[in-house]
Amino acid sequence: TFFKHSAATLTLVASLPAVAAEKICAIYPHLKDSYWLSVNYGMVSEAKREGVELRVLEAGGYPNKTRQEQQLALC
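Mapping of the sequence shown onto mature numbering (1 follows the signal peptide of the UniProt record, and there is no 0): residues -20 to -1, 1 to 55, in sequence order.
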(Lines of atoms letter the chains of each structure in order from A and count residues from 1; the text may use other names and numbers.)
(Lines give C-alpha, C1' and ligand atoms only; values in the text may rest on other atoms or scores of the structure.)
Protein backbone atom coordinates (compact mmCIF):
# COMPACT_ATOMS: atom_id res chain seq x y z
CA THR A 1 0.00 0.00 0.00
CA PHE A 2 1.05 3.58 -0.57
CA PHE A 3 0.08 4.84 2.88
CA LYS A 4 1.25 2.92 5.93
CA HIS A 5 -1.05 4.67 8.44
CA SER A 6 -4.38 3.35 9.58
CA ALA A 7 -7.55 5.44 9.48
CA ALA A 8 -7.57 5.42 13.29
CA THR A 9 -4.07 6.94 13.40
CA LEU A 10 -4.98 9.63 10.88
CA THR A 11 -8.15 10.46 12.81
CA LEU A 12 -6.15 10.77 16.04
CA VAL A 13 -3.59 13.08 14.44
CA ALA A 14 -6.34 15.20 12.87
CA SER A 15 -8.07 15.60 16.22
CA LEU A 16 -5.02 16.69 18.22
CA PRO A 17 -5.16 20.35 19.32
CA ALA A 18 -3.01 22.74 17.33
CA VAL A 19 0.00 24.40 18.90
CA ALA A 20 -0.66 28.15 19.19
CA ALA A 21 2.42 29.05 17.15
CA GLU A 22 1.41 26.95 14.14
CA LYS A 23 0.98 28.76 10.86
CA ILE A 24 -0.47 27.53 7.59
CA CYS A 25 -0.24 29.14 4.19
CA ALA A 26 -2.86 28.34 1.55
CA ILE A 27 -2.16 29.33 -2.05
CA TYR A 28 -5.12 29.13 -4.41
CA PRO A 29 -5.10 29.64 -8.17
CA HIS A 30 -8.10 31.98 -7.74
CA LEU A 31 -11.18 32.61 -5.62
CA LYS A 32 -13.57 33.19 -8.53
CA ASP A 33 -15.82 30.14 -8.31
CA SER A 34 -17.79 28.18 -5.76
CA TYR A 35 -15.22 25.37 -5.54
CA TRP A 36 -12.29 27.53 -4.40
CA LEU A 37 -14.56 29.74 -2.29
CA SER A 38 -15.81 26.66 -0.43
CA VAL A 39 -12.27 25.32 0.01
CA ASN A 40 -11.27 28.69 1.45
CA TYR A 41 -14.33 28.78 3.73
CA GLY A 42 -13.41 25.36 5.14
CA MET A 43 -9.76 26.31 5.62
CA VAL A 44 -10.64 29.58 7.39
CA SER A 45 -13.26 27.88 9.59
CA GLU A 46 -10.92 25.08 10.67
CA ALA A 47 -8.02 27.46 11.27
CA LYS A 48 -10.20 29.56 13.57
CA ARG A 49 -11.51 26.47 15.34
CA GLU A 50 -8.00 25.10 15.89
CA GLY A 51 -6.40 28.45 16.75
CA VAL A 52 -4.00 28.25 13.82
CA GLU A 53 -2.81 31.31 11.90
CA LEU A 54 -3.86 30.96 8.24
CA ARG A 55 -2.42 33.10 5.49
CA VAL A 56 -4.38 32.93 2.22
CA LEU A 57 -2.88 33.96 -1.10
CA GLU A 58 -4.42 33.71 -4.56
CA ALA A 59 -2.68 34.01 -7.91
CA GLY A 60 -5.49 35.55 -9.94
CA GLY A 61 -6.03 32.58 -12.27
CA TYR A 62 -4.68 29.23 -13.45
CA PRO A 63 -2.27 30.75 -16.01
CA ASN A 64 -0.39 32.58 -13.22
CA LYS A 65 1.87 29.70 -12.23
CA THR A 66 4.86 32.01 -11.81
CA ARG A 67 2.90 34.17 -9.38
CA GLN A 68 1.97 31.07 -7.34
CA GLU A 69 5.63 30.08 -7.21
CA GLN A 70 6.54 33.57 -5.98
CA GLN A 71 3.79 33.39 -3.36
CA LEU A 72 5.16 30.08 -2.12
CA ALA A 73 8.38 31.89 -1.22
CA LEU A 74 6.32 34.32 0.92
CA CYS A 75 4.88 31.53 3.06
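By construction, the Cβ of each residue, glycine as well, lies at the ideal position given by its N, Cα and C atoms.
- Here Glu33 really is in contact with Lys3; their C-beta atoms are around 4 Å apart, less than 8 Å.
- For Lys3, the enclosing beta strand (DSSP E) has its first and last residue at 3 to 8.
- Just so you know, the alpha carbons of Ala39 and Lys12 end up roughly 11 Å apart.
- Its chain contains Leu11 as the residues whose beta carbon lies nearer than 8 Å to that of Leu17, once the 5 sequence neighbours on both sides are disregarded; these appear in chain order.
- Non-local C-beta neighbours of Tyr8 in its own chain, meaning closer than 8 Å and more than five positions away in sequence, comprise Trp16, Val19, Asn20, Val36, Leu37, Glu38, Ala39, ordered along the chain.
- Bounds of any alpha helix (DSSP H) do not take in Val32, whose DSSP letter is neither H nor E.
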